[in-house]
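Comments concern the structure below.
Residue numbers (the working numbering): 5 to 363.
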């Protein structure tokens, strides 16, 4: 049982408190307020901000899946865009060739993602670090190549168009509808990840990440849990790709460039490694970052002259921000959030220095 104190003086004194998702009255109130705000957001938001929020929710699903693999299991992957592409093309091909409904294409995308996780997760049993990253990068190029070949052979040179899916006679169409769909899927993914990390699987991933040799000495089947991390992460990412295809009503390999992989890596680094909250904060930050950069450039004198440099500025901006977080705040946005939270919990008091420490 965990008995870790908080800055507010709250202690968990029973197993029921230790396993509860929401433990304090403040957390319950905050969760209710936050839930009401999320549900009511489409009622006050314009179409642009609604689309932006939907992008954040979709990105959070992919970020959570990568956080399981990299943030918790400690396995580096540069093939995340390839997994999203695989899920999107699975949904697109099944719809185009067989008119398959969404309640079958989503599980099919998960199965395809899981199979790719097995195939490209096997090298993780022998490779580590940079070598593992390069092997997962091969996943990206293989999937992109197969998707491009399908587009060419079937004559879909501009991509696969998809109609709005129908569920129980209701057509999933329009900004508010897709916002609630993505909200439901992101919430389910978050709950899945939270509960997964509280099981034997999650504890094994943490142990492998901390020290693989020690984990093996403790009786953990390192190979099996590594492969399982790839399978689960890949399946979730593929489902996110299928949802992206339905939301955009369009599938093309151009939407899954290597830059997309860089964005997801930035989400887990900037958000905070080893934290599900960090994955959500990272998805929010990275999704909004290009729009902030664009807004700043448009405010500059002679803004049209910078229009062609927007993509390059985004690239440079992501790199610069990641370096800043790695150097000055390795815990990422979630580390900043905990500092702010602790400050208000302790206010007006401050941490006292440890005895003998320099003041």
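All C-beta atoms, glycine included, are put in the ideal place defined by N, C-alpha and C.
These numbers come from a predicted model, not from an experiment.
Reduced DSSP secondary structure (H/G/I, E/B, other) of residue i
{"i": "residue 28", "result": "coil"}
{"i": "residue 333", "result": "coil"}
{"i": "residue 260", "result": "coil"}
Nearest to residue i (by Cα), restricted to the options the options
{"i": "residue 84", "options": "73, 94, 187 and 205", "result": "73"}
{"i": "residue 62", "options": "270, 185 and 111", "result": "185"}
{"i": "residue 230", "options": "58, 343 and 121", "result": "121"}
{"i": "residue 298", "options": "313, 201 and 288", "result": "313"}
{"i": "residue 265", "options": "80, 51, 33 and 278", "result": "80"}
{"i": "residue 128", "options": "151, 157 and 78", "result": "78"}
{"i": "residue 341", "options": "315, 137, 139 and 285", "result": "285"}
{"i": "residue 236", "options": "39, 205, 217 and 226", "result": "205"}
{"i": "residue 48", "options": "179, 328 and 31", "result": "179"}
{"i": "residue 170", "options": "343, 107, 303 and 328", "result": "107"}
{"i": "residue 146", "options": "305, 262 and 346", "result": "262"}
{"i": "residue 267", "options": "172, 195, 191 and 326", "result": "326"}
{"i": "residue 216", "options": "133, 159, 328 and 191", "result": "133"}
{"i": "residue 39", "options": "349, 191, 214 and 112", "result": "191"}
Contacts around residue i, its chain only, beta-carbon distance under 7 Å, and the 5 residues preceding and following it disregarded
{"i": "residue 360", "result": "The predicted model places residue 360 with a pLDDT of 49, which falls under 50 and marks its position as unreliable; any figure quoted below should be read in that light. If we look at residue 360 and ignore the five residues flanking it on each side, it has no Cβ neighbours."}
{"i": "residue 210", "result": "76"}
{"i": "residue 148", "result": "86, 89, 257 and 260"}
{"i": "residue 335", "result": "276"}
{"i": "residue 249", "result": "92, 95, 96, 166 and 255"}
{"i": "residue 35", "result": "26"}
{"i": "residue 278", "result": "75 and 76"}
{"i": "residue 193", "result": "65, 68 and 240"}
Beta-carbon proximity list for residue i, same chain, < 6 Å, skipping 5 on both sides
{"i": "residue 144", "result": "83, 85 and 86"}
{"i": "residue 99", "result": "166"}
{"i": "residue 103", "result": "none"}
{"i": "residue 253", "result": "166"}
{"i": "residue 162", "result": "none"}
{"i": "residue 164", "result": "96, 100 and 255"}
{"i": "residue 294", "result": "318"}
{"i": "residue 364", "result": "Past the boundaries of the shown model lies residue 364; the chain is included only from 5 to 363, so the question cannot be answered."}
{"i": "residue 105", "result": "none"}
8 Å Cβ shell around residue i - same chain, five flanking residues per side excluded
{"i": "residue 183", "result": "45, 46, 54, 57, 58 and 61"}
{"i": "residue 110", "result": "95, 243, 246 and 247"}
{"i": "residue 32", "result": "26"}
{"i": "residue 131", "result": "139"}
Beta-carbon proximity of residue i to residue j, cut-off 8 Å
{"i": "residue 234", "j": "residue 124", "result": "yes"}
{"i": "residue 67", "j": "residue 283", "result": "yes"}
{"i": "residue 338", "j": "residue 281", "result": "yes"}
{"i": "residue 151", "j": "residue 239", "result": "no"}
{"i": "residue 273", "j": "residue 232", "result": "no"}
{"i": "residue 287", "j": "residue 64", "result": "yes"}
{"i": "residue 290", "j": "residue 320", "result": "no"}
{"i": "residue 42", "j": "residue 187", "result": "yes"}
{"i": "residue 168", "j": "residue 154", "result": "no"}
{"i": "residue 198", "j": "residue 212", "result": "no"}
Discussion item. So within the region 161 to 241, which uninterrupted alpha helix (DSSP H) runs reach at least 4 residues, ignoring any that extend past its ends?
Written reply: 179 to 201, 204 to 214 and 216 to 221
Just to confirm the assignment: which complete alpha helix (DSSP H) runs, minimum length 4, are found wholly within the region 20 to 98? If we require 4 residues or more, the alpha helix (DSSP H) runs fully inside the region 20 to 98 come out as 29 to 48 and 51 to 70.
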